[in-house]
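What follows is a short report on a single structure.
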Amino acid sequence: MTFDPQTVKPNSRLDEAKRAEITAEQAYVSTLYERLDAERELADRRLTEALRSSGGPPQAAAEREAATATYSDRLAQLKSVEQGLCFGRLDFADGDGPDDESTMYIGRVGLFDESDDYRPLLIDWRAPAARPFYLATAASPEGIRRRRHIRSLSRRVVGIDDEVLDLGADEHTDHLGLAGEAALLSALERRRTGEMSDIVSTIQAEQDRIIRADMNGVLVVQGGPGTGKTAVALHRAAYLLYTYRRQLTTRGVLVVGPNSTFLRYIGQVLPSLGETGVLLSTIGELFPGLAAAGLDTPEVAEIKGRIGMADVLAQAVRDRQIVPETVLEVPVEGGEVLTLDRRTCERARAKARETLRPHNVARRVFVDRLLDALADQSVRRLESSVLDDLPEVPLADDEVDSGPMLDARDFATIRQELAEDAAVQAALQSLWPKLTPQELLSDLLTDAERLASAARGVLTEEEWRSLLRRPGALWTPADVPLLDELAELLGEDDTEARARRERQRREERAYAEGVLHVLEQDDEIIDEEIVRVRDVLDAELLAERQEARSDLTAAQRAALDRSWTFGHVIVDEAQELSEMDWRLLMRRCPSRSMTLVGDVSQTGSAAGTSSWDRVLRPYVGDRWRLRELTVNYRTPAEIMDLASAVLAELDAGLSAPKSVRESGVRPWRRSSSPEALAADVRRWVDEELEALTAERGGGTLAVLCPESLEGGLAAELAKTQATAGVDDTGDNPRVSVLTVSRSKGLEFDAVIVVDPEGIASGSQRGLNDVYVALTRATQRLGIVHTGTPMPALSGEQSASSAAG
Ligand SMILES: Nc1ncnc2c1ncn2[C@@H]1O[C@H](COP(=O)(O)OP(=O)(O)OP(=O)(O)O)[C@@H](O)[C@H]1O
Numbered sequence: 001m002t003f004d005p006q007t008v009k010p011n012s013r014l015d016e017a018k019r020a021e022i023t024a025e026q027a028y029v030s031t032l033y034e035r036l037d038a039e040r041e042l043a044d045r046r047l048t049e050a051l052r053s054s055g056g057p058p059q060a061a062a063e064r065e066a067a068t069a070t071y072s073d074r075l076a077q078l079k080s081v082e083q084g085l086c087f088g089r090l091d092f093a094d095g096d097g098p099d100d101e102s103t104m105y106i107g108r109v110g111l112f113d114e115s116d117d118y119r120p121l122l123i124d125w126r127a128p129a130a131r132p133f134y135l136a137t138a139a140s141p142e143g144i145r146r147r148r149h150i151r152s153l154s155r156r157v158v159g160i161d162d163e164v165l166d167l168g169a170d171e172h173t174d175h176l177g178l179a180g181e182a183a184l185l186s187a188l189e190r191r192r193t194g195e196m197s198d199i200v201s202t203i204q205a206e207q208d209r210i211i212r213a214d215m216n217g218v219l220v221v222q223g224g225p226g227t228g229k230t231a232v233a234l235h236r237a238a239y240l241l242y243t244y245r246r247q248l249t250t251r252g253v254l255v256v257g258p259n260s261t262f263l264r265y266i267g268q269v270l271p272s273l274g275e276t277g278v279l280l281s282t283i284g285e286l287f288p289g290l291a292a293a294g295l296d297t298p299e300v301a302e303i304k305g306r307i308g309m310a311d312v313l314a315q316a317v318r319d320r321q322i323v324p325e326t327v328l329e330v331p332v333e334g335g336e337v338l339t340l341d342r343r344t345c346e347r348a349r350a351k352a353r354e355t356l357r358p359h360n361v362a363r364r365v366f367v368d369r370l371l372d373a374l375a376d377q378s379v380r381r382l383e384s385s386v387l388d389d390l391p392e393v394p395l396a397d398d399e400v401d402s403g404p405m406l407d408a409r410d411f412a413t414i415r416q417e418l419a420e421d422a423a424v425q426a427a428l429q430s431l432w433p434k435l436t437p438q439e440l441l442s443d444l445l446t447d448a449e450r451l452a453s454a455a456r457g458v459l460t461e462e463e464w465r466s467l468l469r470r471p472g473a474l475w476t477p478a479d480v481p482l483l484d485e486l487a488e489l490l491g492e493d494d495t496e497a498r499a500r501r502e503r504q505r506r507e508e509r510a511y512a513e514g515v516l517h518v519l520e521q522d523d524e525i526i527d528e529e530i531v532r533v534r535d536v537l538d539a540e541l542l543a544e545r546q547e548a549r550s551d552l553t554a555a556q557r558a559a560l561d562r563s564w565t566f567g568h569v570i571v572d573e574a575q576e577l578s579e580m581d582w583r584l585l586m587r588r589c590p591s592r593s594m595t596l597v598g599d600v601s602q603t604g605s606a607a608g609t610s611s612w613d614r615v616l617r618p619y620v621g622d623r624w625r626l627r628e629l630t631v632n633y634r635t636p637a638e639i640m641d642l643a644s645a646v647l648a649e650l651d652a653g654l655s656a657p658k659s660v661r662e663s664g665v666r667p668w669r670r671s672s673s674p675e676a677l678a679a680d681v682r683r684w685v686d687e688e689l690e691a692l693t694a695e696r697g698g699g700t701l702a703v704l705c706p707e708s709l710e711g712g713l714a715a716e717l718a719k720t721q722a723t724a725g726v727d728d729t730g731d732n733p734r735v736s737v738l739t740v741s742r743s744k745g746l747e748f749d750a751v752i753v754v755d756p757e758g759i760a761s762g763s764q765r766g767l768n769d770v771y772v773a774l775t776r777a778t779q780r781l782g783i784v785h786t787g788t789p790m791p792a793l794s795g796e797q798s799a800s801s802a803a804g
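The numbering of the sequence shown is the UniProt record's numbering, which starts it at 1 and goes up by one.
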């Protein structure tokens, strides 16, 4: 039963009864907001107090810091739940409710009545007690008599939707097993804004089971377009942070999305759920300090994504550990020429490789050996030149040979001098260079000889040649897992840096303690100054404590640290990841606590996958769980009919998810010629926008097309749509022109797919792209052919609506 004061005719008896219900709910909701305001005020006051207090012993300073973090987090959370604070109510059959309550309210945060023994006023949607709100059905009511959805605008209750869950009642809830159907449908009918919203008030049972699934192990969520995979993934992040907060606070949660447009699209969902401690990132952003702004062709990206690249890179590293053909001459300072022969270098290299340490770390062993050899040589030469200059004096009978003339200290001095000699350093660098991942990869991809050697037996000549690039070319997202792999292979010899940092820390602390001691002895110094110096010491201790604190800081620190490992990793559009991408991600999550959501029917990237098993087997064998989502919440049935035909052409064994609703608007198909295309599309875009305005007061529209048409169509649309914000970035404009790969995961009220045949033939997985393009619309779909329609789209049913 639905009630909305704007749609119900005045004076009906039903109207009056419902008005009374709304008034009653308004009274309760108002008390919740009062409680919320009081909580905010309290957190604000405590925060101000924590910020104001200063000085005191280190312990107090650390506590102050912790309090500041706690109250700022709490305040941010309380501010984020302003809209839709309370969205549900459960009425239990007598005595069935928790703590004998017969009514329970569900909302975005938990609120309690302190004056009444902390009686729950509002239950956080993530708490176990709230589960029946999402799971109860008429067939299995879980002790619930009625479920009510409460809709509000700002702090005003504007509507309620009731479901009676007595056994046998309300047959209509059986439709696709939906809970709160009226509230759900009204949420789905909403105009899209270009930013995803949370679904916390209408989560469906199959989604809830995934959101609350155990955190351990790898959970794969497979579901067709529009089944809520992204929504579920984000709500799962919020749920896990709530339920396993202590575990996840220090390590953080990583959410990986396909591109930055998509990350902007989903960026507000977690903050609206009160969670800010999550790092949202693309794979291309996971190498700190590097902007992967370049773009590979799909063919090159596919090659770079192959697992075989790990072998190519390992070989490329070995190729940088060289020995001279015969002898390397080293003209050291002072005019002497020392030599490094092949055998000595080979032995040093073998010893260094035996350590199985990364290249830059093992380099120490190589360098040590060669410095020993050079110092030995130098000492021997020195001794023999001294001896040569001395007259030969035979030993007396009671004399013994005292051995070498130079002792260990002399040897060490000479060795040190050699270590600092520019020619020696150059020789060592030429044999076993210290390398960064960027240097090595750049050298490799710009040098045919190096690449040919590293790729031998792994890539064909045509393949490795396609990887060659200009020096200084931009890094691409497909380079990032290669750089990450190299960072592992090369390692970092940070012994010196660590020792330096430690020395510095000790010196600073000793200095501060010294100053404090002097000040305390001096009667003339006032206490205030002592307190200030104490703060220096406190600050240092604080910095140490800080390391282990705060989930927000964990996300920020994780973004700066390549070797960070996360408490949980969530991957959206996981089907697009290449084998090398997976290697990188698995390194970031050694606990293998992961949620992967995707749809193997929507794989567009040639490097992506069509099998979860193939992707996961190398890392977890068969120890991963699969859950499926089967209901399409986005795309109306009329559009899904068309998309299903394309899916069947892709693979007759696959079935599309069932649409939850019909829009009453049939998709249209029209034809155009290459010459007239831009102007025709512009006209049809205008017509669609008019229809959206007439039907829904406005909305978003996307033109999805092959890459070759993108620039021309965007330019043409910009002529008339400038005020409507034509923008090809997909960045919240009313009209967007996008390729299919950039529209992954997004949705629009209306979509016009231009030249689906061009999209289909444009890449190895082109038909998948057509399927993705057709399923981006929430209301209206148009298709524009520029030649003969592909078989799946030439059916009479859809052609009949073509106006032309
Ligand atoms: N339970 C729900 N209540 C309200 N809206 C929902 C629900 N589930 C999904 N939706 C809406 O359906 C739309 C599609 O969801 P989402 O983008 O998460 O699907 P998806 O499976 O990731 O799609 P795709 O694979 O095509 O990217 C979104 O607008 C989302 O808000």
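C-beta: ideal position from N, C-alpha, C; glycine also.
Could you compute how far the alpha carbon of residue i sits from the alpha carbon of residue j?
i, j, result
"residue 254", "residue 556", "11 Å"
"residue 696", "residue 779", "10 Å"
"residue 655", "residue 645", "10 Å"
"residue 593", "residue 234", "15 Å"
"residue 607", "residue 306", "7 Å"
"residue 599", "residue 489", "33 Å"
"residue 471", "residue 442", "7 Å"
"residue 455", "residue 312", "5 Å"
Between residue i and the rest of its own chain, which residues show a CB-CB distance below 6 Å, the 5 nearest in sequence each way excluded?
i, result
"residue 619", "586"
"residue 124", "109 and 110"
"residue 39", "78"
"residue 26", "157"
"residue 671", "785"
"residue 200", "125"
With a threshold of 8 Å (Cβ to nearest heavy atom), would residue i be considered close to ligand 1?
i, result
"residue 573", "yes"
"residue 228", "yes"
"residue 192", "yes"
"residue 604", "no"
"residue 561", "no"
"residue 745", "yes"
"residue 137", "no"
"residue 775", "yes"
"residue 271", "no"
"residue 609", "no"
"residue 225", "yes"
"residue 212", "no"
Inspect the beta-carbon positions of residue i and residue j and report whether they are closer than 9 Å.
i, j, result
"residue 634", "residue 188", "yes"
"residue 121", "residue 106", "no"
"residue 588", "residue 287", "no"
"residue 811", "residue 279", "For the chain, the structure presents residues 1 to 804; residue 811 sits outside this window and is missing."
"residue 467", "residue 300", "yes"
"residue 763", "residue 298", "yes"
"residue 225", "residue 657", "yes"
"residue 642", "residue 793", "yes"
From which residue to which residue does the alpha helix (DSSP H) around residue i run?
i, result
"residue 481", "480-490"
"residue 783", "That residue, residue 783, is in no alpha helix (DSSP H); its beta strand (DSSP E) goes 777-785."
"residue 150", "Run containing residue 150: none in the alpha helix (DSSP H); it sits in the beta strand (DSSP E), 144-153."
"residue 186", "181-188"
"residue 250", "245-251"
Can you tell me where the beta strand (DSSP E) with residue i in it begins and where it stops?
i, result
"residue 86", "86-92"
"residue 331", "327-331"
"residue 222", "218-223"
"residue 281", "278-281"
Suppose the cutoff is 7 Å on Cβ atoms and the five residues either side in sequence are ignored; what does the same chain contact list for residue i look like?
i, result
"residue 76", "276"
"residue 628", "222 and 223"
"residue 590", "565"
Can you name, in chain order, every residue of its own chain whose Cβ lies under 8 Å from the Cβ of residue i, other than the five neighbours on each side?
i, result
"residue 239", "126, 211 and 212"
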